[in-house]
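Chemist:
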Amino acid sequence: MVQGVGFRYYTEAQASGLGLGGYVRNMPNGAVEAEIEGDDDAVERMLTWLRRGPRSASVESVQVTDLAEHGEASFSIRI
27 MVQGVGFRYY
37 TEAQASGLGL
47 GGYVRNMPNG
57 AVEAEIEGDD
67 DAVERMLTWL
77 RRGPRSASVE
87 SVQVTDLAEH
97 GEASFSIRI
């Protein structure tokens, strides 16, 4: 569960800085879901960052599932 730490905004900034496409959104159960696509090295760097998160967050776990790319050219926050 992530609340009040700006996790989505930090995630968008990090992903955009790495040139990744996709999105991040809060889930009804308090979890955060992200779909990330782009250069393999940049995706790995993003996953490393997500396992830590911003200083204000406490990340308990990260689940990774390989999906087909959707051709997302930019990264956004979804509501």
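Heads up, the sequence shown is in this note's numbering, so the first residue is 27 and it goes up one at a time.
All C-beta atoms in this analysis are idealised placements derived from N, C-alpha and C, irrespective of residue type, glycine included.
Computed from a predicted structure; not experimentally measured.
1) What did DSSP end up calling residue 70 once you bin it into helix, strand or coil?
2) Specify the secondary structure class of residue 39 as computed by DSSP and reduced to three states.
3) Count the other CB atoms, across all protein chains shown, that sit within 10 Å of the CB of residue 56; report buried if there are 16 or more and exposed otherwise.
4) So for residue 81, helix, strand or coil by DSSP?
5) Give me the Cβ distance between residue 98 and residue 63, rounded to the nearest whole Å; I'm assuming they're in contact under 8 Å.
Modeler: Taking the definition as stated:
1) Looking at residue 70 - three-state DSSP - the assignment turns out to be helix.
2) In the structure shown, residue 39 falls within a helical segment according to DSSP collapsed to helix, strand and coil.
3) The residue is exposed, with fewer than 16 neighbouring Cβ atoms inside 10 Å.
4) Residue state, collapsed to three classes: coil.
5) Between residue 63 and residue 98 the Cβ distance is about 6 Å, and since that is below 8 Å, they are a contact.
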